[in-house]
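Notes follow the structure.
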Amino acid sequence: MKNFRTFSISLSWLWLGFFVLAPTLLLILTSVLSKGDTSLVRVDFTFHNYIENFNWVYVHVFLRSLKMAFIVTVVSLFIAFPFALIIARTPPRLRNFLLMLNVIPFWTNSIITTYAIMIIVKTKGLLNSALLGLGIIHQPLHILYSPLAVYIGLIYNLLPFMILPLYARLEKLDDRVLEAAQDLGANRWQILYRIVIPMSMPGIVAGCLFVFLPAMTLFYVPNILGGAKSYLLGNLIQDQFLTNQNWPFGASLSVALTIFAAALIWLYWYSAKNTNKDELL
Amino acid sequence: MKAIKATYVSLVFAFLYLPLLVLAIFSFNNARYAMTWHGFTTHWYHVLFNDSLLLRSAGHSLLLAFLAACIATAIASVVATALLQYRFKGKRIIHNLIIVLIVMPDLVIGIVLLILFSSLHLPLGFTSLLLAHITICLPFAVLTIYSRATDLDSNLFESARDLGASDTTIYLKILLPLLKPALLSAWLLAFAISLDDIIVSFFVSGPSFSIMPLQIYSMTKVGITPEINALCTLMLGLIFMIVGASQLVRKAK
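Chains as they are written, first to last, in our numbering: chain A, 1 to 281; chain S, 1001 to 1253.
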C-alpha cells in the first residue's frame, strides 16, 4: 500500500464498478435476451420481454400494486403525521427517549414482525380470542390470507419509514414562526394548513417515497400474510427468478420497476428543487 | 388537548410494540398452538438451544452481519477518503453509483447480484451473501463517514503534507483516529442493515449457508413453533442492546 491514492481510487472503482455498474448492465442485457430451454438465457436479442410487460395479466398486477401501495402510503401518512408532530414538539429529554422507542421496531428484522402479525391475526389468534372474549364479535374474523392482513403487515413494517423523515422536518419548525402566526390571529387549523404542512412538504414527499416504493416490492409480506388477491409486483418479479425461471422476463420487469422508481425520485428531486436545494436527501 | 396527544402517541406505540410484546410473552407460554396463557415455561428456549438448524442460522446471521459491517466500514473509510481528498477521473460516477445503490429497490439489487454471481458461476452461499451484504451496507457507511469527514479542518491535511506525510500516513495517522466516532456509527448502521435484510439475501443465498430471516421465512410456510418466538425474543434483546449502545455513542459525541 505504498501509494494510498492509487489504492483508494482503484478500490472505489473496483467495488462499485464490479458490484453495481457491471451487474446493472448485465441486467439490462438479460432483459433483451430470450429464455433458454436448457440454460437460463439464450442469446437471441428481442424486445418481446418488454412487450410482454404490457400483457393485461401483468398490467393488472401492476395496477393492484399501485392501489395497495397508494392506500398503505395514505394511511401511514395519516397515522404518522400527528405522531411525528407531537413528538417533535415535546421537551428534548422526553423526545430523545420517544425517538429511541421508534428506532427499535425500525431495526427489528421485518420477517420477525411479519411473523408476529401472522400469529396475532390468524383465525385462532390473539385478536380473535380477545374480540370473542370481550363479546364484540361472535364469529372469528378471517383476516389472515386476506388483503387486510397484507395492509396491516405493510403499514406496520413501513410506518417508521414515514415517521422518521416527517420528524426530521417537523423538528426544524421554528417556534417563533408559529408564535408570530398566533399573534397575527391565526387559529390552530390555519397554522396547521398554511404553515406546518407546507413547511414540512419535503418530509411528507420523502416519507411517501420511502413507503410507496417498498410497498410494491416487499414480496414476503403478501407471501406470508396474503392470498392470491394480494399478489403484488414484487411477487411477480420474484417468481420469474425462483419459480418460473424466466430470467429475461424478470429482468425486463426489474428494469421497468427501476425506471418507475427513478421517475418518482426525479419528481421528488424536481419538486424539492423549487423549494430549497440543500434540503435534498 | 394534552391528554388527547398523550393517548394518540401511546396508541401508535402500542401498535408498533404489540407484535413484539406478543412474541416475547408467548415465547414463555406453556402451549404449542394456543394463543391463551397456559402458564410460564422456559421450555421453548430449551427446544431452541437443541434445534441446531435454527440456532445455527441465527449464528450465521450474526457472523455475516459482523463480517459485512467490518469489511464495509473498512472499504467505506477508504472510499470516503478518496472522495474527500483526491481529484480523479470518474469521481462523479463513483458518487452517483453510491446514490444509485441507495435509491435502487432492494428487489432489484438482489436480482442484479444474482445475475452477476450466476454469470460468474459463483455458487450461492456464504461468499455470495457476504459480498452482497458488503455492497448493500457500503453506501450508507460511505455517507456516514464522508459527511463527518467534511467537518474536519482541511488545514490539518495540508500541514501534514507540507511536513512530508505520505497519503498513507495521512489516512492512518490523521483521518482514521479523528473519524473514530464516525467509523463506529457506520459500523453499527452496517451491522443493523445486514441483520435487517431479507430481500437481497433471499436471492443470493444457497442451501449451504442458511441465515435466520430466511430460515424463519421457510418455517412460516409449514406452521408456527414457539421456538421461533424464543429466538425472536433473544434477537429483540440484542437490538435493544445495539440501539442502547448507539445512543451512548451519540451522547459521548
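All C-beta atoms, glycine included, are put in the ideal place defined by N, C-alpha and C.
In whole angstroms, give me the CA-to-CA distance for residue i and residue j.
i               : j               : result
R64 (chain A)   : K229 (chain A)  : 9 Å
A1186 (chain S) : A1076 (chain S) : 9 Å
Y1017 (chain S) : L132 (chain A)  : 22 Å
L40 (chain A)   : L1138 (chain S) : 30 Å
D278 (chain A)  : P165 (chain A)  : Annotation note: pLDDT 48 at D278 (chain A) (below 50); position unreliable, coordinate value reported separately. So the two alpha carbons sit approximately 15 Å from each other.
S1246 (chain S) : A1003 (chain S) : 32 Å
P198 (chain A)  : A149 (chain A)  : 33 Å
K172 (chain A)  : P202 (chain A)  : 12 Å
I1115 (chain S) : Y1045 (chain S) : 39 Å
L1055 (chain S) : S1061 (chain S) : 10 Å
G135 (chain A)  : I119 (chain A)  : 21 Å
S1194 (chain S) : L1021 (chain S) : 24 Å
F212 (chain A)  : W107 (chain A)  : 19 Å
R1320 (chain S) : T1225 (chain S) : A question about residue 1320 (chain S) goes unanswered here, because the residues of chain S that appear run from 1001 up to 1253.
F18 (chain A)   : L192 (chain A)  : 49 Å
L26 (chain A)   : V255 (chain A)  : 11 Å
L1063 (chain S) : E179 (chain A)  : 52 Å
R326 (chain A)  : P92 (chain A)   : Residue 326 (chain A) lies beyond the range of chain A shown here (1 to 281); nothing can be said about it.
W269 (chain A)  : A206 (chain A)  : 10 Å
L170 (chain A)  : S110 (chain A)  : 27 Å
T217 (chain A)  : A261 (chain A)  : 11 Å
D175 (chain A)  : R89 (chain A)   : 9 Å
I237 (chain A)  : L253 (chain A)  : 7 Å
N96 (chain A)   : I195 (chain A)  : 25 Å
M100 (chain A)  : V74 (chain A)   : 25 Å
T1007 (chain S) : L77 (chain A)   : 18 Å
L14 (chain A)   : L1122 (chain S) : 18 Å
L29 (chain A)   : L1143 (chain S) : 30 Å
L280 (chain A)  : S271 (chain A)  : For L280 (chain A), the predicted model reports a pLDDT of 45, less than 50, meaning its position is unreliable; a value from the coordinates is still stated below. Rounded to the nearest angstrom, the two C-alpha atoms are 10 Å apart.
By the three-class DSSP mapping on this structure, what secondary structure does residue i have?
i               : result
R1092 (chain S) : helix
S34 (chain A)   : strand
N1029 (chain S) : strand
V43 (chain A)   : coil
F54 (chain A)   : coil
F1040 (chain S) : strand
M1104 (chain S) : coil
M1001 (chain S) : coil
K1180 (chain S) : helix
G135 (chain A)  : coil
Y1008 (chain S) : helix
P214 (chain A)  : helix
R194 (chain A)  : helix
F1015 (chain S) : helix
D1051 (chain S) : coil
F186 (chain A)  : A quick correction: the sequence has Ala, not Phe, at residue 186 (chain A). Looking at A186 (chain A) - three-state DSSP - the assignment turns out to be coil, as it is neither helix nor strand.
T90 (chain A)   : coil
Y1217 (chain S) : helix
R1250 (chain S) : helix
Could you tell me which of the options sits nearest to residue i, measuring between CA atoms?
i               : options                               : result
R1087 (chain S) : A:G226, A:Y270, A:R5 and A:Y156       : A:R5
T113 (chain A)  : S:L1084, S:P1105, S:P1213 and S:Q1247 : S:P1213
G1206 (chain S) : S:A1065, S:L1063 and S:F1126          : S:F1126
V72 (chain A)   : A:G153, A:M201 and A:S34              : A:G153
N157 (chain A)  : A:I9, A:P214 and A:D174               : A:P214
I1145 (chain S) : S:T1073, S:S1118, S:I1102 and S:I1170 : S:T1073
I1025 (chain S) : S:V1012, S:F1013 and S:T1042          : S:T1042
A22 (chain A)   : S:R1148, S:L1113 and S:T1169          : S:L1113
F161 (chain A)  : A:I204, A:G125 and A:S146             : A:I204
A1182 (chain S) : S:S1118, S:F1028, S:I1199 and S:A1141 : S:A1141
K1180 (chain S) : S:P1019, S:T1233, S:D1051 and S:A1252 : S:A1252
L1234 (chain S) : S:V1079, S:L1064, S:L1130 and S:A1058 : S:A1058
F1040 (chain S) : S:S1027, S:N1050 and S:R1250          : S:S1027
N223 (chain A)  : A:D239, A:W15 and A:F83               : A:D239
L126 (chain A)  : S:L1175, S:T1007 and S:L1023          : S:L1023
N1155 (chain S) : S:I1211, S:I1198, S:I1239 and S:Q1085 : S:Q1085
Give the interface partners of residue i over in chain D, defined as CB-CB distance under 7 Å, in chain order.
i               : result
D1162 (chain S) : Absent here is chain D; the protein component of the structure consists of chains A and S.
*Would you be able to state if there are at least three C-beta pairs under 8 Å between the region 1062-1071 of chain S and the region 1189-1197 of chain S?*
yes
_Interface residues of the region 246-257 of chain A facing chain S [CB-CB below 8 Å]_ = Cβ contacts with chain S: W247, G250, A251, S254 and L257.
*Mind the definition here: the region 1216-1225 of chain S touches the region 1100-1109 of chain S only if three or more C-beta pairs lie below 8 Å; say whether that holds.*
Touching, no, given that fewer than three Cβ pairs across the two stretches are closer than 8 Å.
*Return the residues of the region 1168-1182 of chain S that lie within a Cβ-Cβ distance of less than 9 Å from chain A, sorted by chain order.*
T1168, T1169, I1170, Y1171 and L1172
*asked:* For the pair the region 1088-1097 of chain S and the region 1156-1169 of chain S, tell me if three or more CB-CB distances fall below 8 Å.
replied: Pairwise C-beta distances place the region 1088-1097 of chain S out of contact with the region 1156-1169 of chain S, as fewer than three of them are shorter than 8 Å.
_the region 241-251 of chain A in contact with the region 43-59 of chain A per 3-pair CB rule at 8 Å_ = yes
*Of the residues that make up the region 1210-1236 of chain S, which ones have a beta carbon closer than 7 Å to any beta carbon in chain A?*
P1213, I1216, Y1217, T1220, I1224, I1228, C1232, M1235 and L1236
*Contact set between the region 1194-1209 of chain S and chain A, restricted to residues whose Cβ is under 9 Å from the partner*: L1195, D1196, D1197, I1198, I1199, F1202 and F1203
*asked:* Under 8 Å, CB to CB, which of the residues in the region 1013-1026 of chain S have a partner in chain A?
replied: Against chain A - using a Cβ distance shorter than 8 Å - the residues of the region 1013-1026 of chain S are F1013, F1015, L1016, Y1017, L1018, P1019, L1020, V1022, L1023 and F1026.
*Taking a Cβ distance cut-off of 7 Å, strictly less, list which residues of the region 224-247 of chain A are near chain S, in chain order.*
I224, G234, I237 and F241
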